[in-house]
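A quick write-up on the structure given underneath.
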Amino acid sequence: MNIVVASSIGAVFMGTLALVVRMKAAKKPTNARKIILPPIFMSSGALMYIEPQFRLTGAEMIEAAIVGMLFSILLIKTSKFEIRDNDIYLKRSKAFFFILIGLLVVRLVMKSVLSATIDIGQLSGMFFFLAYCMIVPWRIAMYVDYKKLFKKLHEDKQI
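This note's numbering puts the first residue of the sequence shown at 21, with every later residue one more than the last.
Here it is as structure tokens:
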């Protein structure tokens, strides 16, 4: 099987998994650790850059970072928290499902187009970097919003 097709199937699987995890997460209260840990765990994937075939040029890093940060705006806009039962919950967003699917489709199209001109190793490195540059700003924004609600929740309890 073609490596581009196989990695695209993997991306669809991971996107589906992300949706399931996000839907389950909305049913339980959240905390700072649940917001901060995913990018930290994901950072171990940067070990791929030890292997020369995955290394990126400066231009590729800038391109991937810009696209990742632009994609993060959509995630930031659809990730809101609410206070319920004296806990902080991630609000379910109907748009989040469609945005995540849309980002996955855009990623698959980009991958199929770019795989004709960019080596698959470098392309993999670019998409990992893109994902990381998308997740970090999103999680920082979530953390800032969470801390605001956390402070409000604990101020209300003291009154």
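Note that the Cβ used here is the ideal one computed from N, Cα and C, for glycine as well.
Just to confirm the assignment, what range does the alpha helix (DSSP H) spanning residue i have?
i: residue 110; result: That residue, residue 110, is in no alpha helix (DSSP H); its beta strand (DSSP E) goes 107-110.
i: residue 53; result: 52-62
Residue j and residue i - do their beta-carbons sit closer together than 8 Å?
i: residue 109; j: residue 72; result: no
i: residue 25; j: residue 124; result: no
i: residue 42; j: residue 116; result: yes
i: residue 156; j: residue 59; result: yes
i: residue 99; j: residue 158; result: yes
i: residue 38; j: residue 163; result: no
i: residue 160; j: residue 23; result: no
i: residue 74; j: residue 68; result: yes
Using a 10 Å radius around the Cβ and a threshold of 16 neighbouring Cβ atoms, would you call residue i buried or exposed?
i: residue 118; result: exposed
i: residue 143; result: buried
i: residue 145; result: buried
i: residue 55; result: buried
i: residue 34; result: exposed
i: residue 57; result: exposed
i: residue 95; result: buried
Query raised in the report: Is there contact here, the segment 83-96 with the segment 149-162, by at least three beta-carbon pairs under 8 Å?
Result: yes
**Report entry** Residue ranges of each beta strand (DSSP E) within the segment 88-128, 3 or longer
**Finding:** Here the runs fully enclosed are 101-104, 107-110.
Query raised in the report: Are the segment 162-176 and the segment 107-122 touching, with three or more C-beta to C-beta distances below 8 Å?
Result: yes
Query raised in the report: Is the segment 117-137 close to the segment 59-74, with three or more CB pairs under 8 Å?
Result: Segments in contact, no.
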